[in-house]
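Undergrad:
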Amino acid sequence: MSTPRSRLRPRDTVRVAFSGLRARPLRAVLSALGIAVGIAAMVAVVGISASSREQVNQQLDALGTNLLTVAPSQSFVSTAQLPAASVDMVARLDDVESVSAVGIVPDAAVYRSDEIDPNQTNAIAVSAARTDLLDTVSATVASGRWLDDVLSAFPVVVLGSDTAELLGISRTEGDVQVWLGGEWFTVAGVLDPVPLAPELDTSALIGWPAAESLLGFDGAPTTVYQRVAEGAIDEVRTLLPATVDPAAPEEVAVSRPSDALAAQAATDETLTTLLLALGGVALLVGGIGVANTMVIAVLERRSEVGLRRALGATRAHIRRQFLGESVLLAALGGGGGALLGGAATAAFASSRDWPFALPVWVLAGAAGATIVVGALAGAYPAARAARMPPTAALSAV
Amino acid sequence: MSVTTAEPVIRLRGVHRRYPGRPPVRALDGVSLSVAPGELVAIVGPSGSGKSTLLNILGTLDRADAGEVRIDGRDVGALSDKQLSALRAHRIGFVFQQFFLSPGVSALDNVADGLLYTGLSLRERRRRAARTLARVGLADRVRHRPNELSGGQRQRVAVARALVGRPSFLLADEPTGALDSASGAAVLKLLHELHDGGTTVIVITHDHGVAAELPRQVHILDGRIESDETLELV
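Chains W and R, in that order, give the protein sequences. Using this note's numbering, read the first sequence as starting at 1 and increasing by one per residue. Using this note's numbering, read the second sequence as starting at 1 and increasing by one per residue.
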């Protein structure tokens with residue numbers, strides 16, 4: 001006659017482990033909290049930086065990465081200009097889809113009225129703008145209207161977003177005038193911020209013909225903007241200096257504004273790594289807390305171990321029970337931490353109008369880290385419980 | 001009623017057990033004992049007599065240093081730790097003085113835990129637990145938690161837990177030790193009823209009054225069996 005083996009179903013292992021936690025809920029919650037803080041920190045750090053990157057990516061998708069700008073390379077010489085013919089020259093290049101330009105009107109400044117001290121220029125540049133500027137740099141009008149061929153000939157101005165704020169102008173119905181280069185100019189519109197051409201935010205833009213006729217502008221552009229066919233960007237980039245200024249190509253600088261935006265998003269990576277490491281430390285401390293809880297639990301529950309051995313549990317069953325309890329405890333913290341971190345990410349993203357992004361690998365990593373921490377923290381206490389002789393366990397009441 | 005022809009449930013021959021120390025404690029010093037199926041036996045002795053060690057040996061929770069221990073026909077000395085666990089899961093039912101019930105868990109699930117390590121499904125464990133609770137007279141206390149039960153009821157739950165796996169014998173360690181006399185008497189009555197139903201019961205006690213109510217009394221002192229009397233009860 002043979003006796004069947006002792007058997008504890010996997011489902012019962014989980015049940016037994018869970019009932020161990022349920023017997024002391026406060027202690028379980030408190031020791032899971034350590035893990036939760038670590039996981040929450042790591043999830044939130046990765047989530048927030050992912051959301052930030054996602055926001056930049058969406059912005060770049062919307063703005064396009066194929067805008068190139070050409071400007072005189074010696075930017076400290078404020079009067080440096082490009083040849084007047086450069087816009088037409090660039091337009092003749094094969095892969096250029098659109099081209100536009102602005103030209104800073106030298107010595108012109110804009111004031112709220114003619115009573116203002118001429119020295120208070122607010123560093124606002126007065127620029128002549130071509131009518132196709134908005135399309136090329138993906139700028140949008142916040143209120144009022146943009147310059148068209150007719151308006152361009154008249155003393156009419158469209159303000160960059162910062163300029164409007166500096167001058168304190170919000171009305172664009174045609175009844176507001178500014179004192180610009182010794183003439184009264186009517187404010188026709190205000191632009192939204194232009195991420196790809198932030199210099200326009202601090203400009204007052206007037207029509208090319210008006211600049212020439214009213215302010216003595218010589219028609220030489222200071223910045224040329226061009227949209228280039230996606231596949232030909234590098235090629236066009238090398239061609240542009242000689243195209244714009246065949247006489248002195250080395251004095252022409254070509255840049256790609258989207259690169260600057262992308263670089264800006266990448267700079268916080270160092271900080272992310274640091275915060276991630278801090279989250280890891282919190283997780284480690286949480287793991288030590290779980291290990292401590294489990295060691296105490298094993299000491300306190302000697303008689304339970306004895307009873308279970310008397311009921312037929314093998315050493316392996318006891319080990320699995322306490323290991324399971326430790327992993328469950330950590331998982332409880334990990335789950336709570338992931339929720340907390342996700343919520344923090346969502347709250348932060350929505351407060352900045354970013355899209356919410358939480359990579360799946362973060363959640364998978366958090367789950368993995370939790371299980372590893374729980375198993376490591378529980379390994380020693382579980383082995384200790386399993387090694388306890390059943391008689392010692394029962395007599396220790 | 002004679003049961004001498006059947007193979008004994010328990011057979012000890014010249015069992016020694018000593019604990020290290022200065023001087024070493026001879027907890028059991030050549031104990032021989034045989035219990036046949038269906039017997040109701042009291043093992044009586046004062047504290048320090050070795051009866052707890054004997055309980056541990058009978059329950060396969062501890063091993064003998066020398067001598068032969070056969071439980072339910074198996075040579076315990078030759079079994080692995082795993083095999084002993086299996087033996088306890090399927091053949092031995094323990095009842096403890098302190099009950100050892102899980103607080104916050106219903107009587108039904110406490111009894112069902114007696115089958116936890118048999119691999120039966122929870123559903124089947126509960127089904128059998130309900131039946132066993134009815135057998136010990138607690139059919140109406142199935143959903144109650146230990147703190148909602150009297151001491152006597154708790155011990156009956158513990159007896160049901162020991163019984164639910166249909167073990168070869170019950171091993172009760174001071175089953176009335178933590179109870180008032182009325183509850184203790186009720187638990188003893190239950191053990192008698194189980195005995196009448198054919199269950200083998202071994203009660204370990206220091207209480208001669210308890211032992212006196214049982215048909216066979218094995219007296220133990222200083223690790224040796226002093227006397228082994230079977231009374232003809234009317």
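Positions of the beta carbon are idealized from the N, C-alpha and C atoms, including for glycine.
(1) Beta carbon of residue 193 of chain W, beta carbon of residue 143 of chain W: below 8 angstroms?
(2) Give the straight-line distance between the Cα atoms of residue 223 of chain W and residue 344 of chain W, rounded to the nearest whole angstrom.
(3) So, under 8 angstroms CB-CB, residue 65 of chain R and residue 18 of chain R are touching, yes? Tell me the CB distance rounded to an integer number of Å.
(4) Could you tell me the distance, in whole angstroms, from the CA atom of residue 3 of chain R to the CA atom of residue 201 of chain R?
(5) I need the DSSP call for residue 195 of chain R, collapsed to helix, strand or coil.
(6) DSSP three-state call for residue 213 of chain R: helix, strand or coil?
(7) For the alpha helix (DSSP H) that contains residue 60 of chain W, what are its first and last residues?
(8) Between residue 310 of chain W and chain R, is any beta-carbon pair separated by less than 8 angstroms?
(9) Hey, quick one: how far does the alpha helix (DSSP H) through residue 155 of chain R stretch, first residue to last?
(10) Would you please verify whether the beta carbon of residue 61 of chain W is less than 8 angstroms from any beta carbon of chain A?
(11) Please state the DSSP three-state secondary structure of residue 184 of chain W.
(12) Could you have a look at residue 229 of chain R and say whether DSSP puts it in helix, strand or coil?
(13) I need the straight-line Cα distance from residue 181 of chain W to residue 148 of chain W, nearest angstrom please.
(14) What's the gap between the Cα of residue 354 of chain W and the Cα of residue 304 of chain W?
(15) Rounded to whole angstroms, what is the Cα-Cα separation between residue 377 of chain W and residue 11 of chain W?
(16) At a CB distance below 9 angstroms, what residues from the region 6-26 of chain W approach chain R? Give them in sequence order.
(17) If distances are taken between C-alpha atoms only, which option among R:73, R:31, R:45 comes closest to residue 9 of chain R?
(18) Interface residues of chain R around residue 319 of chain W at Cβ under 7 angstroms?
(19) For residue 114 of chain W, which residues in the same chain have their Cβ closer than 7 angstroms to its Cβ, ignoring the five residues on either side in sequence?
(20) How many angstroms separate the CA atom of residue 123 of chain W from the CA atom of residue 258 of chain W?
(21) Can you tell me the Cα-Cα spacing of residue 153 of chain R and residue 7 of chain R, whole angstroms?
(22) Assuming residue 116 of chain R and residue 128 of chain R are in contact, meaning their beta carbons sit under 8 angstroms apart, how far apart are those beta carbons, in whole angstroms?
(23) Would you mind telling me which residues of chain W sit closer than 7 angstroms to residue 117 of chain R, beta carbon to beta carbon, in chain order?
(24) Determine contact between the region 53-67 of chain W and the region 214-233 of chain W, defined as no fewer than three beta-carbon pairs at a distance below 8 angstroms.
(25) List, in chain order, every chain W residue whose beta-carbon is nearer than 8 angstroms to that of residue 81 of chain R.
(26) Can we count residue 190 of chain R as close to the ligand ADP, meaning its CB is less than 7 angstroms from some heavy atom?
(27) Given a threshold of 16 other Cβ atoms within 10 Å of its Cβ, counted over all protein chains shown, does residue 101 of chain W qualify as buried or as exposed?
(28) Measuring CB atoms only, is the region 284-296 of chain W touching the region 22-38 of chain W, in the sense that at least three cross pairs come out at less than 8 angstroms?
(29) Closer than 8 angstroms, CB to CB, is residue 94 of chain R near chain W or not?
(30) Counting only beta-carbon atoms, is residue 110 of chain R nearer than 8 angstroms to chain W?
(31) Express the C-alpha separation of residue 318 of chain W and residue 286 of chain W in angstroms, rounding to a whole number.
(32) Mind checking who residue 179 of chain W pairs with in its DSSP beta bridge?
(33) With distances taken from CA atoms, which of R:14, R:27, R:24, R:40 is nearest residue 212 of chain R?
(34) On the three-state DSSP scale, how would you describe residue 322 of chain W?
(35) Could you pull out every residue in the same chain whose Cβ sits closer than 7 angstroms to the Cβ of residue 33 of chain R, ignoring the five residues on either side in sequence?
(36) Kindly indicate if chain R contains any beta-carbon less than 8 angstroms away from that of residue 328 of chain W.
TA: With the given structure in hand:
(1) With contacts defined by Cβ atoms closer than 8 angstroms, residue 193 of chain W and residue 143 of chain W do not form a contacting pair.
(2) When rounded, the distance between both Cα atoms is 42 angstroms.
(3) 6 angstroms
(4) Summary for residue 3 of chain R: the model assigns pLDDT 46, below 50, so the residue's position carries little reliability; its value from the coordinates is reported in the next sentence. Residue 201 of chain R has its alpha-carbon roughly 14 angstroms from the corresponding atom of residue 3 of chain R.
(5) helix
(6) coil
(7) 25-63
(8) yes
(9) 151-163
(10) Among the chains of the structure shown, chain A does not appear; the protein chains present are W and R.
(11) strand
(12) strand
(13) Taking the straight line from one Cα to the other gives about 21 angstroms.
(14) 53 angstroms
(15) 22 angstroms
(16) Flagged, chain order: 6, 7, 8, 9, 11, 12, 15, 16, 19, 22, 23.
(17) R:73
(18) In chain order: nothing, as chain R lies at least about 13 angstroms away.
(19) When the five nearest sequence neighbours on each side are left out, the beta carbons in the same chain lying within less than 7 angstroms of the beta carbon of residue 114 of chain W are those of 179, in order along the chain.
(20) The straight-line gap from Cα to Cα measures roughly 25 angstroms.
(21) Taking the straight line from one Cα to the other gives about 34 angstroms.
(22) Actually they are not in contact, since the Cβ atoms of residue 116 of chain R and residue 128 of chain R sit about 12 angstroms apart, beyond 8 angstroms.
(23) 6, 7, 8, 311, 312, 313, 317
(24) Cβ pair count under 8 angstroms is three or more, so yes.
(25) 314, 315
(26) The ligand ADP is absent from the structure shown, which contains no ligands of any kind.
(27) buried
(28) yes
(29) yes
(30) no
(31) 24 angstroms
(32) Partner(s): W:111, W:184.
(33) R:40
(34) helix
(35) 10, 12, 218, 225
(36) no
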